[in-house]
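A quick write-up on the structure given underneath.
Residue numbers (my numbering): -10 to 279.
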């Protein structure tokens, strides 16, 4: 079944439920999301070379990650049709932790008192806002009310890529240092996934209860475009010196290579980034009954 069909079914359900609503409510929550289905990759690579012995070595490892890991905030407006069945539409915001990859190269010659070091670090961080329509099944109890939610996760996000470079060369007499950085932001497009939640609510008063829940979201996001927003070298800003082709990238499903034109954005294939997570949340639920 196509994703658009799922959305249509949920909208129909939402309309019907709103018309039949018996108990409206509002909930607010916060928590932390742990990355799952970590399909995105960063590399950490290090190499060294000794000119005197003419020997070198290198080590490499890959970091898999999900940009769904990080601070989790949200809320929802919902209606219970009866004691056990309801519907809600939520808004969720996740700011991911920063993930780091690196490349480090060192060249040395102790006999000539020479050393050269180059280091490049890459950081990836994101924000994601999700609309989460869901159907709720709840067991009412005076002491504790367990519940389950099943629905969609409709996400709109952005990914920030930060890269820093530094190099240092020392030959025993002169010492040279240089460094730079750039920042790019990728955004655009909507991703659709699925969300399921298990939780339990504990009443505090007639209209207020607290809850704890575990939520699993299966989601990936492929941005439509990317723009370099910052470019510096040795403290000097060179962003204005970059061409449109250097600063802007359009991501597409397929393309045909053509003649280079510095006045138009470059074209690259879309790349999905993992945003799946398992979140642990605590929150407060307010009944809106008079």
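In this text, a Cβ means the ideal position worked out from N, Cα and C, and glycines have one as well.
The structure displayed is predicted, hence computed values, not measured ones.
{"query": "Rounded to the nearest angstrom, what separates residue 154 and residue 24 at their Cα positions?", "result": "28 Å"}
{"query": "Within the same chain, show all residues whose beta-carbon is closer than 8 Å to that of residue 242, passing over the 5 residues directly before and after it, in chain order.", "result": "258, 259"}
{"query": "Contact between the stretch 61 to 69 and the stretch 119 to 127: three or more CB pairs below 8 Å?", "result": "yes"}
{"query": "Run through the DSSP bridge pairs and tell me what residue 110 is partnered with.", "result": "91, 153"}
{"query": "Would you report the Cα separation of residue 102 and residue 38, rounded to the nearest angstrom?", "result": "14 Å"}
{"query": "Grab the span of the alpha helix (DSSP H) containing residue 235 for me, first residue to last.", "result": "233 to 236"}
{"query": "Going by C-alpha to C-alpha distance, which of 177, 97, 198, 51 sits closest to residue 160?", "result": "97"}
{"query": "Classify residue 29 as helix, strand or coil using the three-state DSSP reduction.", "result": "strand"}
{"query": "Beta strand (DSSP E) containing residue 61: first to last residue?", "result": "59 to 69"}
{"query": "When you compare only the Cα positions, how much space is there between residue 237 and residue 174?", "result": "10 Å"}
{"query": "Could you check how far apart the C-beta atoms of residue 268 and residue 61 are, in whole angstroms? I think they sit under 8 Å.", "result": "5 Å"}
{"query": "How many angstroms separate the CA atom of residue 198 from the CA atom of residue 183?", "result": "26 Å"}
{"query": "State the Cα-Cα distance for the pair residue 220 and residue 110, rounded to the nearest angstrom.", "result": "15 Å"}
{"query": "What is the rounded straight-line gap between the Cα of residue 201 and the Cα of residue 188?", "result": "6 Å"}
{"query": "Less than 6 Å between C-beta atoms, sequence neighbours within five positions excluded: which residues of the same chain meet that for residue 35?", "result": "48, 93"}
{"query": "Give me the Cα-Cα distance between residue 210 and residue 177, rounded to the nearest whole angstrom.", "result": "10 Å"}
{"query": "In angstroms with no decimal places, state the Cα-to-Cα distance between residue 13 and residue 277.", "result": "5 Å"}
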